[in-house]
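Using the numbering used here, the letters of the sequence shown map in sequence onto residues -7 to 1000. Note that beta-carbon positions come from the ideal geometry of N, C-alpha and C, so glycine has one too. These notes concern the structure reproduced below.
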Amino acid sequence: MRPLTLKLTNFGPFLDETIDFQQINNDQLFLISGKTGSGKTMIFDAIVFALFGEASTKDRNEGDLRSHFADGKSPMVVEFEFELRDCIYKINRQGAFVKEGNKNKTLGQLSIYQLEDTYELRESKVNAGNQFIRTLLGVNSEQFRQLFILPQGEFKRFLLSKSIEKQEILRTLFNSQRFEEIQKLLNDDVKEVRANIEKRYHTLETDWMDLDTFDDTVLKEYKEVSSRQTDKIKALIPQFKSIGESIQNDLLAAEKRSIEKFEQAENLLNRNLKLQDAMTSLEQNKQKQEALLSNENHIKNQIKLLNEITEVRPLSNLLDSKEKLLKKHEEIKKDKTETKAVISNLQRQLEDYEKQFEKHQKLSETIEKSKSFIENSKIFYNKFDKYKDIYQQRENLNYTYAELKSTYEQQKQLLNQYIEKLNDREPDYKRNEQLNEKIHQLDYEIKVNKQNELNKNEYQDLQKRQTNITNQTEHINSEMRALDAKYEAIDKTNIDLNNKQDMISKLQSVLAIGDTCPLCGNEIHEIEHHIDFDELTKRHSQLDHIEQQRLKLKEQKIKYESEWHHISEQLHRFNLDDLEKTNYTELELTKDNLLKEKRLLEEENEVIRNLQEKIFNLRQKSHELELDLKTQQFKLDENTLMINDFENTTQYTDVDKFITAYDNSLVKVNDYQKQYEWLVQQLQESKNALSLEMNNKAHLDNTEESLQKDIKEADHKINNEMNRIGFTSLKDVEHTINEIPNKTKIEAEINKFNQEKQQFEIIIKQLETEINDQELRDINQLKKDYEQKKIQLDHAKAVLSEHNYKLEFNNKKIDNIYAVIKHLEKELQEQQEVFQLAEVLSGKNEQKLTLENFVLIYYLERILAHANQRLSLMTGERYQLVRREQTSKGYSGLEIDVFDSHSNKKRHITSLSGGETFQASLALALGLSEVVQQESGGIALDSMFIDEGFGTLDQETLETALDTLLSLKSSGRMVGIISHVSELKQRIPLILEVQTEQYQSKTKFIKQ
-7 MRPLTLKLTN FGPFLDETID FQQINNDQLF LISGKTGSGK TMIFDAIVFA LFGEASTKDR
53 NEGDLRSHFA DGKSPMVVEF EFELRDCIYK INRQGAFVKE GNKNKTLGQL SIYQLEDTYE
113 LRESKVNAGN QFIRTLLGVN SEQFRQLFIL PQGEFKRFLL SKSIEKQEIL RTLFNSQRFE
173 EIQKLLNDDV KEVRANIEKR YHTLETDWMD LDTFDDTVLK EYKEVSSRQT DKIKALIPQF
233 KSIGESIQND LLAAEKRSIE KFEQAENLLN RNLKLQDAMT SLEQNKQKQE ALLSNENHIK
293 NQIKLLNEIT EVRPLSNLLD SKEKLLKKHE EIKKDKTETK AVISNLQRQL EDYEKQFEKH
353 QKLSETIEKS KSFIENSKIF YNKFDKYKDI YQQRENLNYT YAELKSTYEQ QKQLLNQYIE
413 KLNDREPDYK RNEQLNEKIH QLDYEIKVNK QNELNKNEYQ DLQKRQTNIT NQTEHINSEM
473 RALDAKYEAI DKTNIDLNNK QDMISKLQSV LAIGDTCPLC GNEIHEIEHH IDFDELTKRH
533 SQLDHIEQQR LKLKEQKIKY ESEWHHISEQ LHRFNLDDLE KTNYTELELT KDNLLKEKRL
593 LEEENEVIRN LQEKIFNLRQ KSHELELDLK TQQFKLDENT LMINDFENTT QYTDVDKFIT
653 AYDNSLVKVN DYQKQYEWLV QQLQESKNAL SLEMNNKAHL DNTEESLQKD IKEADHKINN
713 EMNRIGFTSL KDVEHTINEI PNKTKIEAEI NKFNQEKQQF EIIIKQLETE INDQELRDIN
773 QLKKDYEQKK IQLDHAKAVL SEHNYKLEFN NKKIDNIYAV IKHLEKELQE QQEVFQLAEV
833 LSGKNEQKLT LENFVLIYYL ERILAHANQR LSLMTGERYQ LVRREQTSKG YSGLEIDVFD
893 SHSNKKRHIT SLSGGETFQA SLALALGLSE VVQQESGGIA LDSMFIDEGF GTLDQETLET
953 ALDTLLSLKS SGRMVGIISH VSELKQRIPL ILEVQTEQYQ SKTKFIKQ
């Protein structure tokens, strides 16, 4: 993340301030300087507030950030624009506050934008926006303070923090949660597998206990074996099968014997029951036969009646036909009477309509005149509004025509005046373009000469700087040669024994003359002090001092040489011939003369353009007026023509009078036509109705004559049929006809009698054959024997069925047991290595480390390795950061100790002085950022801000720490430092100065 701009409103001492970090350019290291309390730290607070809604330290709350001098109605707002992974984002966060005059707090607001041609809104809600920022940066506020902003009081927190605190930071930076997820997934799989295995053991135990022993003593003893002894269970299972099958065979034989006895008793009982039923049925059927034969005479009479009904049906049909003919003859006579009355009425009505029609025809001549008037005037009547308007428009048209003609003549006169004034002149655009080209060329030449003058000044400055750097380099070479001479002059004999005095003293205390030396293996002749350790220490110190001076001079030399080569490259950019071309005064004078000529030409062209435009407009307007005159003349002619047409056709000069006459004529014609059409319709309808009734009367006469003939013929047929059957009177015929509906009932009664009689005869004969003098045994005794045998058979079947069920149940359980044992053996064999791996990853190992803890230790050791490269340089190879090794559960092994090469021992990190702690914290922070960059864990560390800490360093250590930060410049990282140390102002070329103006502060960048 690289800051671009930071806009502060009512934030701390900044009421309305914008900081443009893009001014930093290539000077990646810059100093934030200002008086105490001017608001330097508030810049860091503003960045953290914009991102996370918090201050840069835990000691300040959001409410402490608002300016005390802010307007009571204006909010505290921070707008932060930054670049991250080649994308530009803008965050606008408004703090919560109680507006003046209100009791309730105005809630904070948050808007997040991303630049895509224009800024596009990404989030506008506080909670969702906070989550969006955490996801975008990959860190929370605590971790941000450790990596990006190292504020006062919190700079050394990561160095001194406990394992659990480091674990939260490291696991976010390196995404080590995935290893915890792997461990969790593996443990879940192991738990699931173990649970499945335990379920199988439970299923095995259930199946084993469910096996039936058939009350067999041996099988009951087998059931005492534990279900987890799978091999023994597999050996015992065949016994359950063999014993069960043996019992089954015995029960099958017992069932067969019971079935044979039951079938014998059942057959004997059924034969006697059948004989008993046959004897009872024979007696009952004989009694029913006698009762049926007592009704035989009634059946004979019914047979006679049935024959008569069959013969009388044709006669009945003839009588019905005659009745219908008589009824129809009466209806025809009635219709004839009604038709005669209707014909008489229609004849009278027709005579009346014919008289009215003759009277109406006499009015036709007058009506024809009215029709002619309506037909000729219809077109004027339909457009009477138009003709009213035409009479009204006649005067207006004449007036408008006169006005247009006068205006047209005036425009023509004005046009001729402008044409004389123009006098055929044209604008000279070609000369204007030539002048523009000359002026543009002169501008370019002037610009080139001015730039040559600037380049010449810059070239001379670079030459002076290069000469100065050459002198400085020669001076450094001279000092380095002097140091080399001093270094060579120092006696280096026994110099490697420095810091080994204690070891030599211990060896002398345990050895005696005549012993063998443990170092060289020779005999010891004397034990005395031959080495002056104080003198050795002094020489060693001198050599170290010279080495440090040489290293410092060497770094300065490298810096000067790098700058000298950079200046040489810049000098090669310049063309020495171009640097002499710096005279642009004459060119500017020539340019002024051309500009004056151009101005006069443009004024002349403008006058000509205006005259041409006026002439064009006047010509166009004159043309338009000419067209309007012609249009108006046409309208006037059209008006006169239409008025003449109206008056000649209608013979009226007043439109309203014409309308009244037309309406009256139209009403008269319509009334006549309606009456005429009505009379024609009535005449036609009366004639049609009279013709229809006359036809109807003729049809009725013919029908009446035909019916009389049919009635006579029917009487003749009825008499012949009565004589044939033997009826003497119509009364006898009617009685027989009345019985016709009962024919089916009579036939059914006769048929039923015959059927029952025949059925009884057959049944009695069959029963007598079936009994055949057989003897009936005691039925009750036979039933008792049958029930006893049935109970015995049911018992045998039940016992066998129960045993078969048990046997089948056992077979299923045995199959299940074999299957479960097979799965158990396979799973235990396959999962053994998985169980062992899960235990190792969960911390059950020699180091007692989980997988994630092991990974975090790996990353911490890499961070310490990078940090020690800078810490060794800053402390003269004295201190190294080392991880404290210990064996315990949880997130252990992340504490940091310091190794002191002077004492050759580790010691607690808190034993360092304030300046040493700052050096270690700085080295650790830089090492952490480097490892994160290498891992590309989704976090872009393009900037770092450090607040204070340099005041605890001496001059030499300060120089070393500053050189370390300057080395970050080559990596392209932006580093901002807040400090009061004056030496930093001299070493850092770019300063963000925070200036106090009474109650508010302002900022500006100063380049040295």
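Residue environment, residue i, which counts as buried when at least 16 other CB atoms sit within 10 Å
{"i": "Ile24", "result": "buried"}
{"i": "Gln926", "result": "exposed"}
{"i": "Gln426", "result": "exposed"}
{"i": "Met271", "result": "exposed"}
{"i": "Ser219", "result": "buried"}
{"i": "Met201", "result": "exposed"}
{"i": "Ser935", "result": "buried"}
{"i": "Asp939", "result": "buried"}
{"i": "Asn845", "result": "buried"}
{"i": "Asp234", "result": "Contrary to the premise, residue 234 reads as Ser rather than Asp in this sequence. Looking at its Cβ environment, which holds fewer than 16 other Cβ atoms inside 10 Å, Ser234 is exposed."}
{"i": "Lys278", "result": "exposed"}
{"i": "Pro981", "result": "exposed"}
{"i": "Lys(-1)", "result": "buried"}
{"i": "Gln221", "result": "exposed"}
{"i": "Ile969", "result": "buried"}
Inter-residue spacing [alpha-carbon to alpha-carbon] between residue i and residue j
{"i": "Gln294", "j": "Glu315", "result": "30 Å"}
{"i": "Leu581", "j": "Thr459", "result": "40 Å"}
{"i": "His194", "j": "Gln169", "result": "37 Å"}
{"i": "Ile806", "j": "Asn188", "result": "20 Å"}
{"i": "Glu480", "j": "Arg531", "result": "12 Å"}
{"i": "Gln384", "j": "Lys378", "result": "10 Å"}
{"i": "Glu922", "j": "Gln540", "result": "27 Å"}
{"i": "Gln674", "j": "Gln348", "result": "11 Å"}
{"i": "Ser905", "j": "Leu916", "result": "16 Å"}
{"i": "Phe719", "j": "Phe752", "result": "41 Å"}
{"i": "Glu696", "j": "Gln339", "result": "25 Å"}
{"i": "Ile335", "j": "Asn730", "result": "47 Å"}
{"i": "Leu886", "j": "Leu852", "result": "7 Å"}
{"i": "Asn802", "j": "Glu822", "result": "30 Å"}
{"i": "Ser66", "j": "Ser554", "result": "52 Å"}
Residue i, DSSP secondary structure in three states
{"i": "Ile888", "result": "strand"}
{"i": "Leu355", "result": "coil"}
{"i": "Pro981", "result": "coil"}
{"i": "Glu108", "result": "strand"}
{"i": "Glu731", "result": "coil"}
{"i": "Glu539", "result": "helix"}
{"i": "Met686", "result": "helix"}
{"i": "Tyr797", "result": "helix"}
{"i": "Pro306", "result": "helix"}
{"i": "Leu407", "result": "helix"}
{"i": "Tyr871", "result": "strand"}
Candidates the options, of which the one nearest residue i by Cα
{"i": "Leu107", "options": "Lys32, Leu(-4) and Leu178", "result": "Leu(-4)"}
{"i": "Glu330", "options": "Leu692, Lys253 and Leu102", "result": "Leu692"}
{"i": "Gln452", "options": "Glu247, Leu568 and Val217", "result": "Leu568"}
{"i": "Glu877", "options": "Ile849, Leu355 and Ile125", "result": "Ile849"}
{"i": "Ile855", "options": "Ser834, Met866, Phe150 and Ser250", "result": "Phe150"}
{"i": "Lys549", "options": "Leu619, Asn469, Phe372 and Leu610", "result": "Asn469"}
6 Å CB neighbourhood of residue i in its chain, flanking five on each side removed
{"i": "Ile651", "result": "Phe376"}
{"i": "Leu563", "result": "Leu454"}
{"i": "Phe891", "result": "Gln872, Val874 and Lys898"}
{"i": "Ser30", "result": "Val986, Thr988 and Ser993"}
Cutoff 7 Å; reference residue i; Cβ partners in own chain excluding five residues on either side
{"i": "Glu437", "result": "Leu579"}
{"i": "Ile141", "result": "Phe36, Ile39, Val40, Ser48 and Phe937"}
{"i": "Asp208", "result": "Ile235"}
Neighbourhood of residue i by C-beta, 8 Å cutoff - its chain only, sequence neighbours within 5 removed
{"i": "Tyr668", "result": "His352"}
{"i": "Ile607", "result": "Leu407, Tyr410, Ile411 and Leu414"}
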